[in-house]
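First comes the structure, then the notes that go with it.
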Amino acid sequence: MSTVRWGMIGCGSVTEVKSGPAFYKAPGSALVAVMGRREAAVRDYAARHGIARFYTDAQALINDPEVDAVYIATPPDSHLEYSLMVAAAGKHCCVEKPMSLNAEQSALMQRTFERAGLHLFVSYYRRSLPRFQQVRDWLREGRIGELRHLTWTLCKPPGADDASAANWRTDPTIAGGGYFADLASHGFDLFQYLAGDIIEVSGFTARQAGRYAAEDAVTACWTFSSGAMGMGCWNFVADRREDLVELIGSRGRIQFSVFEDQPLRLEGETNEVLDVPCHAHIQWHHVLAMNAHIRGEAEHPSLAIEALKTDRILDKVLQRNPNHPGQPR
Numbered sequence: 001m002s003t004v005r006w007g008m009i010g011c012g013s014v015t016e017v018k019s020g021p022a023f024y025k026a027p028g029s030a031l032v033a034v035m036g037r038r039e040a041a042v043r044d045y046a047a048r049h050g051i052a053r054f055y056t057d058a059q060a061l062i063n064d065p066e067v068d069a070v071y072i073a074t075p076p077d078s079h080l081e082y083s084l085m086v087a088a089a090g091k092h093c094c095v096e097k098p099m100s101l102n103a104e105q106s107a108l109m110q111r112t113f114e115r116a117g118l119h120l121f122v123s124y125y126r127r128s129l130p131r132f133q134q135v136r137d138w139l140r141e142g143r144i145g146e147l148r149h150l151t152w153t154l155c156k157p158p159g160a161d162d163a164s165a166a167n168w169r170t171d172p173t174i175a176g177g178g179y180f181a182d183l184a185s186h187g188f189d190l191f192q193y194l195a196g197d198i199i200e201v202s203g204f205t206a207r208q209a210g211r212y213a214a215e216d217a218v219t220a221c222w223t224f225s226s227g228a229m230g231m232g233c234w235n236f237v238a239d240r241r242e243d244l245v246e247l248i249g250s251r252g253r254i255q256f257s258v259f260e261d262q263p264l265r266l267e268g269e270t271n272e273v274l275d276v277p278c279h280a281h282i283q284w285h286h287v288l289a290m291n292a293h294i295r296g297e298a299e300h301p302s303l304a305i306e307a308l309k310t311d312r313i314l315d316k317v318l319q320r321n322p323n324h325p326g327q328p329r
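Be aware that the sequence shown starts at 1, since it is given in the UniProt record's numbering, and climbs by one per residue.
Below is the structure:
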């Protein structure tokens, strides 16, 4: 399979620049069909992006004989249903993050694809970004000695559309949580890629502003399998934007941002400040890695078996109830 032909379910904002163009511009990749519920919107998307076919029915796209793999770019509450449809059709799949509404759903998805001999990827694309490959290299080279502690502060002021019915990210029945589930999932996945599995975690949540049903403030502490420890503060009704990770080692420190395009900073026996900009289509490297994995050329790090670890962490911090997604135990 020299070119992997993708179909895409969902044409929301994440697909306009971050992901969609990568699927049809990256070498060895093609986006041959898209699906959206509103015909006018999906027709317009297909025309603007030069995509040959569009559908308003997900099953029709999945059954398209020219589609080899399906990218599910919809909110988390639909990931389980759509992914199982893709598996039943015998095709590979990538779902947006978080993988689903809770770890129980995600485990079912992962088992289904594994038993079918199919690949299931999750869009934790930061594992593939050169900037975080550089951080991983520094850690593996021992540039800060042994990792002792990781801290992450992520804050933002409340937004005008936080309580809007159109903002699914603050509706736990759709998102599985609030901005924490949507954004902190990226961080937890990245941290485990950089520093190893998180084996214990606990946390506290609050609705400090009470503007929507999901939590707007979270704190958590955890332990890595190496013995290093971590702690995080996430507040989405704060006074300003802040995104800072600090890796504290026995002989130095590394600082970076998970989401902002800020320099990487290394303090140790030698100091470095590196600008490693992201590709304009930030999922570019993720798409290249998925296609290489499908072709059997390389192992992609963003597989469902890895993403499931993050869902289990989110379940514990948010005390999510698998029998009633979006509600605490």
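The C-beta atom is built at its ideal place from N, Cα and C for all residues, glycine as well.
### Query
Got a sec? Which residues, its chain only, sit under 6 Å from residue 22 by beta carbon, not counting five neighbours each side?
Counted from its first residue, the sequence shown places residue 22 at position 22. For residue 22, where only same-chain residues beyond five positions count, the Cβ hits under 6 Å are 281, 283, 284 and 287.
### Query
Nearest-angstrom Cα distance between residue 97 and residue 182?
In the sequence shown, residue 97 corresponds to position 97, counting from 1. In the sequence shown, residue 182 corresponds to position 182, counting from 1. Each residue's Cα considered, the two are about 7 Å apart.
### Message
For residue 218 and residue 157, what's the separation of their Cα atoms in angstroms?
### Response
Sequence index remark: in the sequence shown, residue 218 carries index 218 (1-based). Sequence index remark: in the sequence shown, residue 157 carries index 157 (1-based). Taking the CA atoms as reference points, residue 218 sits about 14 Å from residue 157.
### Cβ-Cβ distance between residue 6 and residue 71 below 8 Å
Locating residue 6 in the sequence shown gives position 6, where the first residue counts as 1. Locating residue 71 in the sequence shown gives position 71, where the first residue counts as 1. Yes, the pair counts as a contact, with Cβ atoms nearer than the cut-off.
### Message
Tell me whether the stretch 191-199 and the stretch 98-111 touch, counting them as touching only if at least three CB pairs, one residue from each stretch, are closer than 8 Å.
### Response
Remark: fewer than three beta-carbon pairs, one from each stretch, lie closer than 8 Å, so the stretch 191-199 and the stretch 98-111 are not flagged as touching.
### Cβ neighbour criterion (16 or more within 10 Å) applied to residue 199
The sequence position of residue 199 within the sequence shown is 199, counting from 1. Its Cβ having fewer than 16 others within 10 Å, residue 199 is exposed.
#### Entry: Reference residue 237, options 36, 163 and 136, closest by Cα
Numbered from its first residue, the sequence shown carries residue 237 at position 237. Comparing alpha carbon positions, the residue from 36, 163 and 136 closest to residue 237 is 163.
### Query
Taking the C-alpha atoms as reference points, what is the distance between residue 269 and residue 232?
One-based indexing of the sequence shown puts residue 269 at position 269. One-based indexing of the sequence shown puts residue 232 at position 232. Near 27 Å, if we compare the C-alpha coordinates of residue 232 and residue 269.
### Task
For residue 300, I'd like the list of residues in its chain whose CB is within less than 6 Å of its CB, leaving aside the five on either flank, ordered along the chain.
Taking the first residue of the sequence shown as position 1, residue 300 is located at position 300. Counting only Cβ-Cβ distances below 6 Å, and skipping sequence neighbours, we find 289, 290 and 293.
### Query
Assuming residue 296 and residue 147 make a contact with CB atoms under 8 Å, what is their CB distance in whole Å?
Working through the sequence shown from its first residue, we reach residue 296 at position 296. Working through the sequence shown from its first residue, we reach residue 147 at position 147. The Cβ separation is near 33 Å, so there is no contact.
### Task
Throw me the rounded Cβ distance for the residue 247 and residue 150 pair, which I believe falls under 8 Å.
Within the sequence shown, residue 247 is the residue found at index 247, counting from 1. Within the sequence shown, residue 150 is the residue found at index 150, counting from 1. Indeed they touch by this definition, with Cβ atoms about 5 Å apart.
### Task
Put residue 332 into one of helix, strand or coil per three-state DSSP.
Outside the displayed span of the chain (1 to 329) sits residue 332, for which this structure offers no information.
### Task
Just mark residue 105 as buried or exposed, buried being the case when its beta carbon has 16 or more other beta carbons within 10 Å.
The count along the sequence shown starts at 1 and reaches residue 105 at position 105. The residue in question, residue 105, is buried, as its Cβ has 16 or more Cβ neighbours within 10 Å.
### Message
Within 10 Å of its beta-carbon, does residue 3 have 16 or more other beta-carbons around it, so buried, or fewer, so exposed?
### Response
Start at 1 with the first residue of the sequence shown, and residue 3 comes out as number 3. Counting every other CB atom within 10 Å of its CB across the protein chains shown gives residue 3 a total below 16, marking it as exposed.
### Message
Quick check: the stretch 9-26 against the stretch 259-278, are at least 3 beta-carbon pairs closer than 8 Å?
### Response
Counting Cβ pairs under 8 Å, fewer than three are found: no touch.
### Task
Please state whether DSSP places residue 4 in a helix, a strand or coil.
Counting from one through the sequence shown, the residue named residue 4 turns up at place 4. Strand, per DSSP.
### Message
Between the alpha carbons of residue 78 and residue 85, how many angstroms are there, rounded?
### Response
Position 78 of the sequence shown, counted from the first residue, corresponds to residue 78. Position 85 of the sequence shown, counted from the first residue, corresponds to residue 85. Our two residues, residue 78 and residue 85, have alpha carbons roughly 11 Å apart in a direct line.
### residue 173 versus residue 153 - alpha carbon distance
Here residue 173 is taken as the residue at index 173 of the sequence shown, counted from 1. Here residue 153 is taken as the residue at index 153 of the sequence shown, counted from 1. The alpha-carbon of residue 173 is positioned some 26 Å away from that of residue 153.
#### Entry: Three-way DSSP call (helix, strand, coil) for residue 170 in this model
On the sequence shown, position 170 is the one that residue 170 refers to. Helix.
### Task
For residue 298, name the three-state secondary structure that DSSP assigns.
The sequence position of residue 298 within the sequence shown is 298, counting from 1. Coil at residue 298, not helix or strand.
### Task
Can you have a look at residue 197 and say buried or exposed, based on whether 16 or more other CB atoms are within 10 angstroms of its CB?
In the sequence shown, the residue the question calls residue 197 occupies position 197. Classified as exposed, residue 197 has fewer than 16 neighbouring CB atoms from the shown chains inside 10 Å of its CB.
### Query
What are the start and end residues of each continuous beta strand (DSSP E) run of 3 or more residues lying completely inside the stretch 195-248, in chain order?
Fully enclosed beta strand (DSSP E) runs of 3 or longer: 198-206, 217-224 and 229-235.
### Query
Does the Cβ of residue 344 have 16 or more other Cβ atoms within 10 Å, making it buried, or fewer, making it exposed?
Given that the chain is displayed from residue 1 to residue 329, the structure contains no residue 344 and the question cannot be resolved.
### Query
Do you know offhand how far residue 124's Cα is from residue 186's?
Residue numbering aside, residue 124 sits at position 124 when the sequence shown is read from its first letter. Residue numbering aside, residue 186 sits at position 186 when the sequence shown is read from its first letter. Straight-line Cα distance between these residues: approximately 6 Å.
### Task
Check each candidate in 253, 48 and 130 and name the one with the smallest Cα separation from residue 271.
Here residue 271 refers to the residue found at position 271 when the sequence shown is read from its first residue. Of the listed residues, the one whose Cα sits closest to residue 271 is 253.
#### Entry: Close beta carbons around residue 207, own chain, < 7 Å, minus the five adjacent residues each side
By one-based count along the sequence shown, residue 207 stands at place 207. The beta carbon of residue 207 sits closer than 7 Å to those of 215 and 216, all from its chain and outside the five residues before and after it, given in chain order.
### residue 75 beta carbon less than 8 Å from that of residue 175
Here residue 175 refers to the residue found at position 175 of the sequence shown. Here residue 75 refers to the residue found at position 75 of the sequence shown. Taking 8 Å as the Cβ cut-off, residue 175 and residue 75 qualify as a contacting pair.
### Query
Smallest Cα separation from residue 38: which of 58, 29 and 52?
Locating residue 38 in the sequence shown gives position 38, where the first residue counts as 1. Nearest to residue 38 by C-alpha distance, out of 58, 29 and 52, is 58.
### Message
Which of the three DSSP states is assigned to residue 95 in this structure?
### Response
In the sequence shown, the residue the question calls residue 95 occupies position 95. DSSP places residue 95 within a strand segment (E or B) once states are collapsed to three.
### Boundaries (first-last residue) of the beta strand (DSSP E) holding residue 148
Numbered from its first residue, the sequence shown carries residue 148 at position 148. Element bounds for residue 148: 147-155.
### Task
For residue 204, count neighbouring Cβ atoms within 10 angstroms of its own Cβ and tell me buried if that reaches 16, exposed if not.
By 1-based counting over the sequence shown, the position of residue 204 is 204. When all chains shown are included, residue 204 counts as exposed.
### Query
From which residue to which residue does the beta strand (DSSP E) around residue 55 run?
Taking the sequence shown and counting its residues from 1, the one referred to as residue 55 is at position 55. Element bounds for residue 55: 53-55.
### Query
Exposed or buried, what is residue 330 when buried is set at 16 or more other beta-carbons lying within 10 Å of its beta-carbon?
Past the boundaries of the shown model lies residue 330; the chain is included only from 1 to 329, so the question cannot be answered.
### Task
Specify, as a first and last residue, the run of the alpha helix (DSSP H) that residue 59 falls within.
Counting from 1 along the sequence shown, the entry for residue 59 is found at position 59. Per DSSP, residue 59 belongs to the alpha helix (DSSP H) from 58-63.
### Message
Quick check on this structure: which residue in 255, 304, 18 and 31 has the alpha carbon closest to the alpha carbon of residue 66?
### Response
Numbered from its first residue, the sequence shown carries residue 66 at position 66. Answer by Cα proximity: 31.
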